[in-house]
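Just so we're aligned: the sequence shown equals residues 0 to 369 in the numbering used here.
For glycine and all other residues, C-beta sits at the position ideal for the given N, C-alpha and C.
Since the structure is predicted, the reported quantities are computational estimates derived from the model, not experimental observations.
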Amino acid sequence: MSIIPYLWVLLLLWLWLRKEPPLTRSERDDCRFTLIVPFRNEAARLPYLLKALSALDYPAERVEIIFADDHSEDKSIRLIEQASLPFRTSILKLPPAERGKKAALTRAVAEAAFPYIITLDADISFRPGYLRSICTALHQRPDTVMGAGPVLIDFSRISGLSGQLQYGEFLALQALTAAGYAAGFPFLANGANLVFRKDVFEKVGGYEGYENLAGGDDMVLLTKLKRAAPGKQAYLKSSGAAVFTLPVENFKAWLNQRVRWAAKMDALPFSPGFVIAGLQLSAFVEALLYMAGIFPGLRMWGWVATGLMLAGHYVLLRQTAKDLGVPFSVRLFWIVQLLLPPAYALVVARILRQKIKGKPLEWKGRFYQK
0 MSIIPYLWVL LLLWLWLRKE PPLTRSERDD CRFTLIVPFR NEAARLPYLL
50 KALSALDYPA ERVEIIFADD HSEDKSIRLI EQASLPFRTS ILKLPPAERG
100 KKAALTRAVA EAAFPYIITL DADISFRPGY LRSICTALHQ RPDTVMGAGP
150 VLIDFSRISG LSGQLQYGEF LALQALTAAG YAAGFPFLAN GANLVFRKDV
200 FEKVGGYEGY ENLAGGDDMV LLTKLKRAAP GKQAYLKSSG AAVFTLPVEN
250 FKAWLNQRVR WAAKMDALPF SPGFVIAGLQ LSAFVEALLY MAGIFPGLRM
300 WGWVATGLML AGHYVLLRQT AKDLGVPFSV RLFWIVQLLL PPAYALVVAR
350 ILRQKIKGKP LEWKGRFYQK
């Protein structure tokens with residue numbers, strides 16, 4: 000029976016979310032940051048990031064930006080050169096013999112002049128006080144060697160069911176991420192908004208041993224840093240520390256992206272996320288069987304259990320949206336509950352199909368075996 004354990008998991012997630020309140024706001028600006036943006040053929044989305052960087056409110060002498068180019072074939076570099084950003088900015092180009100996001104990040108970290116590294120995706124945005132919020136969080140937790148910042152879909156840029164589904168999905172991922180860190184066993188991180196100390200990155204050998212994994216730089220680093228410095232990872236629960244990304248254009252792009260994300264989990268020998276996902280699926284299937292009358296006498300229990308699970312999901316999502324200062328609605332909740340499970344079932348089917356056929360994973364014109 001999986002319904003009761005899953006209801007306990009929902010209760011624990013809520014308690015963990017409540018355990019650690021959002022970080023207080025402050026005006027700290029004495030941290031020194033190197034922002035690293037790995038990119039490949041991002042000309043269509045780079046303006047979104049460049050606009051946010053131009054509006055950053057932080058002392059210029061304490062920030063440098065390194066754009067790490069992974070052999071782009073479009074006009075990405077030209078856009079960066081024309082941006083005239085208010086901070087020291089450089090473009091690092093990978094040599095012909097090297098390729099991939101991890102190679103670009105490794106090169107850029109080696110060139111970084113400042114002690115704190117922040118990795119950003121090329122298609123994100125943030126509020127002008129973003130770096131002040133990060134600096135404040137680091138002062139509040141001075142032993143932090145890695146901080147996972149919130150990553151959300153830009154609500155102002157979504158349209159249709161697809162965009163709303165992605166927005167709700169990212170909100171749910173932040174709920175799980177925040178609860179994991181508060182409970183003391185972080186199991187999720189996102190390289191679109193990740194801060195870590197340069198010296199600790201070098202101490203653990205960066206991404207060594209995982210160079211051929213498609214994506215997963217964030218999960219690799221989280222795994223290594225948990226071993227090297229247990230208990231010194233933090234979730235930066237602050238609306239000011241959040242970054243906002245654009246939704247993908249269509250369902251096919253969403254499906255391909257989620258399959259690539261699944262490859263990250265190869266970096267973890269075990270993840271509580273697997274247990275939670277398995278319990279959730281098992282609990283809902285069990286409840287549906289009860290409601291369908293497969294087990295006589297338990298139909299009412301199926302309805303009650305389903306209601307409790309849905310209530311738990313609603314409370315978790317609403318609390319997370321409140322903590323991060325983003326919109327949430329009942330309509331959004333139902334879109335996530337009704338559409339996300341079958342969408343994820345398609346992701347699993349796609350992964351199994353690729354494994355059975357031995358098809359490599361395609362990403363930005365390249366192919367990977369995982």
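- Taking all protein chains in view, the Cβ of S158 is surrounded by fewer than 16 other Cβ atoms within 10 Å, so the residue is classified as exposed.
- Taking the C-beta atoms as reference points, H312 is found nearer than 9 Å to F332.
- When only Cα atoms are considered, L339 and A112 end up about 43 Å apart.
- Distance check between A342 and each of K251, V199, I79 places K251 closest, using alpha-carbon atoms only.
- Only residues of its own chain outside the window of five on either side were considered, and among them R27 have a CB closer than 6 Å to the CB of H138, listed in chain order.
- Assignment of beta-bridge partners to Y115 by DSSP yields F32, R196.
- The stretch 48 to 67 and the stretch 135 to 149 do not touch, with fewer than three beta-carbon pairs separated by less than 8 Å.
- DSSP places Y234 inside the beta strand (DSSP E), whose first and last residues are 232 to 234.
- 9 Å or more divides the Cβ of A103 from the Cβ of D142.
- Bounds of any beta strand (DSSP E) do not take in D120, whose DSSP letter is neither H nor E.
- Scanning its chain for C-beta atoms nearer than 7 Å, with the 5 sequence neighbours on each side dropped, one finds around A42 the residues D73, K74, S75, L78, in chain order.
- Taking 4 residues as the minimum length, the alpha helix (DSSP H) runs contained wholly in the stretch 39 to 79 are 45 to 53, in order along the chain.
- A straight-line Cα-Cα distance of about 25 Å links G230 and F169.
- Between V194 and T118, the C-beta gap is smaller than 9 Å, which places the two residues in contact.
- In the assembly as shown, S89 is an exposed residue. Its beta-carbon has fewer than 16 other beta-carbons within 10 Å.
- Around the beta carbon of L351, fewer than 16 other beta carbons sit within 10 angstroms, so the residue counts as exposed.
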